[in-house]
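Going by our numbering, the sequence shown opens with residue 3, and the numbers climb by one from there. The beta-carbon is built from N, C-alpha and C at its ideal position, and this holds for glycine as well.
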Amino acid sequence: MIDTDFLRELNRFNLIVTKRITSNYAGPRRSYATGHGMLFKDHRMYTPGDDIRAIDWRVYARTENYYLKNYEEERSMTVHILVDSSSSMNYGKPYTKFEFASMIGVGFAYLALKENEKFKFSTFDEHVATFRSSRGRGHLAAMVHYLNSMKPRGKGNFKESMDSYRKYIKGKSVVIIISDFLTDPDIVEKAMVNFAKQEVKVIQVLDRVEKDMLLQGDLRLEDLESNSTMRTYISARLREEYKNRLNDHTAKIRQGCHRFGAHFEQVISDEPIFDAFFRILR
């Protein structure tokens, strides 16, 4: 089950955006325009080609000079949250990777609401399931209920999912992608092209067992996406080889994200959710 108690601890945080945001919706982020806006800012001298409708005739009556009003117009962004719901995410303790990923996603939706921004929550496996954008707290509660009733299933198709989601990006956005990223790093990098102009946070969620290979001896392993099984013996040497390969895999994912300006962070599903979230926001 998704624990939402940690959301209260997020009240002291804000979404950190480093790229310039523009959009057509009202929100707390401000841009400056000449003409009819929401908040008057100051005046500037008229220059040929300016819209004469913005001239302040009262100032002209006093000074006989043409001045235009500058308005401070509020604009906002949409926070896009995509959570991997393929079968491989249905693993882990005390939370499955899907539950932990969902909590992170809900945390970002909560921050968006706190700042009066819109959020759009989606899950993906072989395809993307999208939900309408919203600023309402009722919508957030409905999303938590939906995620609690969901069971991860199917094979993942990361690039196809990201390619198909691209059409939902309107203007500048913040994109949060949460997955275990147990897929080809080259595929992940190619998918990042879809969001090259956006603010992107890529979050890898792993379970402690698969991160540190806390298994040994004669075991039967099951692939959650293909349902295939195999028997194997995990020796100390194999454990070290596995950890080295996983670290190399993660490093390649990180490098591919960085090439497109995306922030990458790895979290483990048994760590305190607030600590993980704090590290992501740093």
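Item, Value
"Three-state secondary structure (DSSP) of residue 209", "coil"
"Start and end residues, beta strand (DSSP E) containing residue 192", "Residue 192 -> not in any beta strand (DSSP E); alpha helix (DSSP H) instead, spanning 187-193."
"Alpha carbon of residue 216 to alpha carbon of residue 194, nearest angstrom", "32 Å"
"Identity of the residues DSSP links to residue 266 by a beta bridge", "204"
"Classification of residue 274 by the beta-carbon crowding that lies within 10 angstroms, buried from 16 upward", "exposed"
"Where residue 80 falls: helix, strand or coil (DSSP)", "strand"
"Straight-line gap, residue 127 to residue 155 (C-alpha atoms, nearest Å)", "7 Å"
"Sequence-distant residues of its chain with Cβ nearer than 6 Å to residue 269 (five each side left out)", "207, 278"
"Within 8 Å, strictly: CB atoms of residue 140 and residue 90", "no"
"Local conformation of residue 171 per DSSP, three classes", "coil"
"Residue 7 versus residue 218: straight-line alpha-carbon distance, rounded", "36 Å"
"Cβ-Cβ distance between residue 2 and residue 166 below 8 Å", "Look at the range of the chain in this structure, 3 to 284, and you will see that residue 2 is not part of it."
"Closest Cα partner of residue 120 within the set 284, 142, 101", "142"
"Minimum C-alpha distance to residue 82 - residue among 222, 284, 200", "200"
"For residue 232, three-class secondary structure by DSSP", "strand"
"Residue closest to residue 52, alpha-carbon to alpha-carbon, out of 238, 153, 267, 70", "70"
"Pairwise C-alpha distance: residue 173 and residue 49", "29 Å"
"Terminal residues of the alpha helix (DSSP H) in which residue 8 lies", "Careful: residue 8 lies outside any alpha helix (DSSP H) and carries neither H nor E."
"Beta bridge counterpart(s) of residue 49 as assigned by DSSP", "In DSSP, residue 49 forms no bridge with anything."
"Which of helix, strand or coil DSSP assigns to residue 110", "helix"
"Start-to-end residues for the beta strand (DSSP E) that takes in residue 2", "Within the shown structure, residues of the chain are numbered from 3 to 284, placing residue 2 beyond reach of any answer."
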